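Chains as they are written, first to last, in the numbering used here: chain L, 1 to 464; chain W, 465 to 646; chain Z, 647 to 817.
Notes to accompany the following structure.
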């Protein structure tokens, strides 16, 4: 297996930075040739300061990374042969593929926030750090710098973690990231592909035994599922753009998702009444975890804060012993987003559809005491993968927006799927319970498909 | 989303067409065992394989070089073609090899990308497709048909008359038993 | 259990130079939202396409053919006759570009032409082999009703549930 060239891969792909704050700076390349040339030189010059995957001796206070849309690459006036070598899903862009991911109605591209609509995003600079003031100053400096180098700065989206790594619905987030082969910190049970345990697995660097099931071991996914230029689960490198952008890059899905916390809570209250479940249990059944992070499949009746904080055990589970969804409902959010061994043929039909998530909440926390709280809050959703069409679009379009893979018919996940029509949620039990969500509580507000170049690739933009 | 039709034409040498017919003969003998494995993938509405030994000629055209013997594959499936090909490659590669190993240019059935490329090179655009129930998936149809039978049995059970409490218990028991079908 | 459906795979040669006209005819007379296949009744799935067989060499492309394939309620002969009666016009407009096509006016001639151009199916996988179209439709409707009743019923007292059941099923 080829060793990962950490120095050449932009950071926050294979290992999350775990900073508490972020600023997402959007910009367009100005239309004239001189601006395109200046912009290319500026981008190439960022190859040095941009943060890579290389190990830190000491964690920096701030990290910065870059990504570009296809429109951005076109605006930079890259050669036609290079542009044509990018895959079709990326070239089309997110808005053009709205049908595939269910962005319709209130979440249709025509309704997206200004500055995050189709064609608005050429370049994304992501700054992450500890200190809000330092981030703010750096943001302004970068924007000035970009304006002087061929860019028209666009919107800035701020994001910040809520306490205890929670998101706005109140649940701990960021679990269940895929383990990637060759990344030592990924030897955690439950993050990879479930396989039958064998004695020789003990010495394999990318396989870790399950602590909860003696039959199971977890194999890390091949790096090519997330980083271009390395073998993926299909046994070869995934399709990539032509050199010099062919290696150590990735594709990013960036989406601003507004969360209707008041609406979700009101629905939970109503559904608790109709199902007879306690509201807390019902919410856990919708998500698949308790707010403390402990998974329902391991703790079907009560949360377990100790388990929720135990990195070695909190993801160490499968669903094959729960086909009816009695412990964790078949349509629960985490079960849809990563079915593990729940689909036909064990984990084999899941391995090629994993995504790395690096997003962060935005907006002030919901105040349940304020009846008029209609503030803009939600999640900046960031997913990284080698193939948007095979990974993100399958998860969103076929698993979150549609329950057929789980025997639930055309029902969507109310906290992440597109609810185009009323969707009956089924909760496995004796007897089962049902609650219909009339609409989704998450609405897309804009975004784009982006390419995250390797650092050599970034540097080459000046001269290609 | 309506199910997707797919038409794939694959030239096969004569000796391979003999093998293919033999495999079909043996499949018929084992009474649907092979079909059951493929049907368990649960996204195939219909899939048919036919051998075209001789393509129909046009009498108005003089002597023309006939098209080669061809294995014709017609299917209608749910989900994306990515999932379809992924399932064939990861779950039933042996069955696919049994049909295609000798076909001209077939790259083997164990890897997704070569198979996807092969299919895209040999598929033919469907000009018109019709589905009576475009919103119904194979899974939903199978669930509905089994549920229909179990519901009929439940109706017969309660038709004999029961009090309210007993009916409510029977209904809960029925729902519990069929919850993976509703 | 005997299969409730049968498959038709019909392959006919399109006359030289008429492939584009055949495609245009499909586009004009076989709209996606008002398929003539629906008029035949008992049609689960069907397709119509002009296709080019594989070529032996790049220099001599073989002529185009028309494929009509359908999965229908058995018996197939009855479905073919229903299709002929209900969709004679659209059939003639497209199949009229095929060699030896006699037209849809005369049932016996049409049936003979279909039989002469029919390919046998060697191997099939069918999702729900035992169900006619009507059974599928009825089962899907019933499933939706059961789901709605299950959800509404979970809040009811036993007597209200039983009364709702009687109102629904006429018991």
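Cβ coordinates follow ideal geometry from the N, Cα and C atoms, glycine included.
This structure is a prediction, so every number in the text was calculated from the model and none was measured.
Chain W beta carbons: is any one of them nearer than 8 Å to that of residue i?
i                      : result
residue 431 of chain L : yes
residue 409 of chain L : yes
residue 122 of chain L : no
residue 5 of chain L   : no
residue 717 of chain Z : yes
residue 198 of chain L : no
residue 760 of chain Z : no
residue 730 of chain Z : no
With a threshold of 8 Å between beta-carbons, can residue i be considered close to chain L, or not?
i                      : result
residue 800 of chain Z : yes
residue 599 of chain W : yes
residue 542 of chain W : yes
residue 643 of chain W : yes
residue 785 of chain Z : no
residue 634 of chain W : no
residue 636 of chain Z : This structure cannot settle anything about residue 636 of chain Z, because the visible part of chain Z is limited to 647 through 817.
residue 796 of chain Z : yes
Can you tell me which of the three DSSP states residue i falls into?
i                      : result
residue 204 of chain L : coil
residue 460 of chain L : helix
residue 434 of chain L : strand
residue 473 of chain L : Here chain L covers residues 1 to 464 and nothing more, so residue 473 of chain L does not appear.
residue 682 of chain Z : helix
residue 311 of chain L : coil
residue 366 of chain L : coil
residue 69 of chain L  : coil
residue 212 of chain L : coil
residue 805 of chain Z : helix
residue 391 of chain L : coil
residue 64 of chain L  : strand
residue 261 of chain L : helix
residue 664 of chain Z : coil
residue 643 of chain W : coil
Quick check on the DSSP output: the alpha helix (DSSP H) that includes residue i runs from which residue to which?
i                      : result
residue 507 of chain W : Unbroken run through residue 507 of chain W: none, as it is neither H nor E.
residue 771 of chain Z : Segment 769–772 is the beta strand (DSSP E) holding residue 771 of chain Z; no alpha helix (DSSP H) there.
residue 793 of chain Z : 779–799
residue 37 of chain L  : 33–45
residue 480 of chain W : 478–493
residue 83 of chain L  : 80–84
residue 337 of chain L : 333–337
Using the beta-carbon count (16 or more within 10 Å), is residue i buried or exposed?
i                      : result
residue 302 of chain L : exposed
residue 613 of chain W : exposed
residue 673 of chain Z : exposed
residue 753 of chain Z : exposed
residue 59 of chain L  : exposed
residue 260 of chain L : buried
residue 606 of chain W : buried
residue 776 of chain Z : exposed
residue 286 of chain L : buried
residue 328 of chain L : buried
residue 517 of chain W : exposed
residue 713 of chain Z : buried
residue 801 of chain Z : exposed
residue 138 of chain L : buried
residue 470 of chain W : buried
residue 553 of chain W : buried
Can you tell me where the beta strand (DSSP E) with residue i in it begins and where it stops?
i                      : result
residue 717 of chain Z : 711–719
residue 658 of chain Z : 651–659
residue 690 of chain Z : 689–697
residue 446 of chain L : 442–452
Measure from the C-beta of residue i to each C-beta in chain Z and report whether the shortest distance is under 8 Å.
i                      : result
residue 434 of chain L : yes
residue 579 of chain W : no
residue 471 of chain W : yes
residue 215 of chain L : no
residue 330 of chain L : no
Inside the segment 135–194 of chain L only - alpha helix (DSSP H) runs reaching at least 4 residues: none
Entirely enclosed beta strand (DSSP E) segments - the segment 521–552 of chain W, minimum 3 residues: 534–541
Complete runs of the alpha helix (DSSP H) confined to the segment 547–627 of chain W [at least 4 residues]: 557–564, 576–586, 602–623
Any alpha helix (DSSP H) of 4 or more consecutive residues that is wholly inside the segment 719–763 of chain Z: 722–732, 734–741, 753–762
Those runs of the alpha helix (DSSP H) which lie wholly inside the segment 267–330 of chain L and span at least 4 residues: 279–287, 305–308
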